[in-house]
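Number of protein chains: 2
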Amino acid sequence: MYYICTMQLPEAKLKFIEAWGKLGSEWGINRTMAQVHALLLISPGAMTTEEIMEELSISRGNANMTLRDLIGWGLIEKQHRAGERKEYFFAEKDTWAIARQVAQERKKRELDPIIKLLNELTTVEGDEKDPEFKTFKTSVTDINKLAKNVNRTLETMLKAEESWFWGSIFKIFK
Amino acid sequence: MYYICTMQLPEAKLKFIEAWGKLGSEWGINRTMAQVHALLLISPGAMTTEEIMEELSISRGNANMTLRDLIGWGLIEKQHRAGERKEYFFAEKDTWAIARQVAQERKKRELDPIIKLLNELTTVEGDEKDPEFKTFKTSVTDINKLAKNVNRTLETMLKAEESWFWGSIFKIFK
DNA sequence: ATAAACTTTCAATAATATTTGAAAGTTTAA
DNA sequence: TTAAACTTTCAAATATTATTGAAAGTTTAT
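As given, the protein sequences belong to chains A and B, one line each in that order. Just so we're on the same page, this note's numbering is the position in the first sequence counted from 1, plus 104. Just so we're on the same page, this note's numbering is the position in the second sequence counted from 1, plus 104.
Okay, structure coming up:
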């Protein structure tokens, strides 16, 4: 006699946490940070540092710093419970809000500085006849144009709290 | 007497290469790979391995592997010159094409596999009364939904060779 | 077939990023 | 004020990733 073998919850949780961690590290986000986020995403209640350390087998220091970073990214929040000293952590569960939060942070940390630099670099002066100079200027100007357009698009997207526009593009029906 | 001091080409080139490298490493792309790409982007002509090694002070092995990777990403191409043994490399200079190429590669390498996993994970079976199970299923299903919508959007974007739609969104006028 | 010109490989090394854990710091209740 | 409960810090250790360079491999002209 055979049983159809579907995946069980503990295995599924592990796989999800692992995959989220890998994805994070491929996108320049610390693997542990992504894993802690994944863990809180699939946890019904808020968790203590202790529980997180236990579940992911990480040290206290690591857990603490990672949780602090996640709060800095606006992806998780602290919860205080009356009569308890311990801090509880829980994640924002709305995927659209998560995406927006991440986009906002990376824009601030990376896009804004590079646009500032590109603006500076487009002012470089030189001989218009020099191919070196011409190619440099053209490339930098083009990238600057793209960066600014991405920037504008992100701003629109981030500003629109309830965006029929992006909603219709991404077909997200809450 | 004072001179208004604008940036000169060699300094500007250095800064651009450095910034592009940093940006790359923040997004999970090898810093050297991004720098070689930057160098070819601002070079009017194709360059040999030798010249690239020299300009960026990197080893032969590193240059070779990096160039191979960049070809794999579809960001640069080889050029053969009649009567010469050396290989010359040059970069695609159209920023929109670069963006599309990168999007395509990352979709293939990262989005596609994660969608596959998420599809699997949504089939997990368990007790609908169990909050652990419910939260897991809801979170994974929501993320899957977002991933699929991003996927669909990317496919549309990548398919449209000359897209009035994305063109109008990003306001790119070639 | 040979050798020069060039490219590729990969084990060793170096650089970078992450993690640990014990000590120091902080807060709260009594 | 004290001490227990909890959080934070950071130097050292570990793990990961990138780079080197010499040797092996390949191609082409003669």
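For each residue, glycine too, the CB sits at the ideal point set by N, CA and C.
Going by DSSP in three states, residue i sits in which element: helix, strand or coil?
i	result
M151 of chain A	strand
E229 of chain B	coil
K112 of chain B	A quick correction: the sequence has Gln, not Lys, at residue 112 of chain B. Looking at Q112 of chain B - three-state DSSP - the assignment turns out to be coil, as it is neither helix nor strand.
I219 of chain A	helix
E181 of chain A	strand
E188 of chain A	coil
A264 of chain B	coil
K275 of chain A	The pLDDT assigned to K275 of chain A is 49, lower than 50, so where the model puts this residue is not dependable, and the model offers no usable value.
R213 of chain A	helix
Count the other C-beta atoms from every protein chain shown that fall within 10 angstroms of the C-beta of residue i, then say buried if there are 16 or more, exposed otherwise.
i	result
S161 of chain A	exposed
L143 of chain A	buried
H184 of chain A	exposed
I146 of chain A	buried
S243 of chain A	buried
Q112 of chain B	exposed
I175 of chain A	exposed
G128 of chain A	buried
F120 of chain B	buried
K212 of chain B	exposed
K263 of chain A	exposed
K117 of chain A	buried
K182 of chain B	exposed
T199 of chain A	buried
T170 of chain A	buried
Checking contacts by CB at 8 angstroms: is residue i closer than that to chain B?
i	result
M111 of chain A	yes
V228 of chain A	yes
S163 of chain A	no
I146 of chain A	yes
I180 of chain A	no
K117 of chain A	yes
T152 of chain A	no
I219 of chain A	no
L127 of chain A	yes
I121 of chain A	no
F237 of chain A	yes
E224 of chain A	yes
Measure from the alpha carbon of residue i to the alpha carbon of each residue in the options, then state which is nearest.
i	options	result
M137 of chain B	B:N166, B:T239 and B:E209	B:N166
V254 of chain B	B:A207, B:A201, B:T227 and B:T152	B:A207
Q205 of chain A	A:M105, A:I180, A:R256 and A:R135	A:I180
T239 of chain B	A:R135, A:N134 and A:A150	A:A150
R210 of chain B	B:R172, B:E259 and B:Y106	B:E259
D246 of chain A	A:M157, A:D173, A:R256 and A:N223	A:N223
D173 of chain B	B:E159, B:Q139, B:R256 and B:E158	B:Q139
L225 of chain A	B:N168, B:T110 and B:M105	B:T110
Step through the CB atoms of chain A and report whether any lies within less than 8 angstroms of the CB of residue i.
i	result
V244 of chain B	yes
T199 of chain B	yes
W177 of chain B	no
K275 of chain B	Note that K275 of chain B has pLDDT 48, beneath the 50 cutoff, so the model's placement of it is unreliable and the number below is only indicative. Yes, because at least one Cβ of chain A sits closer than 8 angstroms to the Cβ of K275 of chain B.
L262 of chain B	no
L174 of chain B	no
F240 of chain B	yes
A45 of chain B	This structure cannot settle anything about residue 45 of chain B, because the visible part of chain B is limited to 105 through 278.
With contact counted as at least three CB pairs below 8 angstroms, one residue from each stretch, are the segment 180-190 of chain A and the segment 245-254 of chain A in contact?
Taking one beta carbon from each stretch, the segment 180-190 of chain A and the segment 245-254 of chain A have fewer than 3 pairs nearer than 8 angstroms; the two do not touch.
Pairs of beta-carbons, one from the segment 210-224 of chain A and one from the segment 122-141 of chain B, closer than 8 angstroms: are there three or more?
Counting C-beta pairs closer than 8 angstroms gives three or more between the segment 210-224 of chain A and the segment 122-141 of chain B, which meets the contact rule.
Inter-stretch contact at 8 angstroms, needing at least 3 Cβ pairs: the segment 192-203 of chain A / the segment 228-237 of chain A:
Taking 8 angstroms as the limit for Cβ pairs, the verdict is that the segment 228-237 of chain A does not touch the segment 192-203 of chain A.
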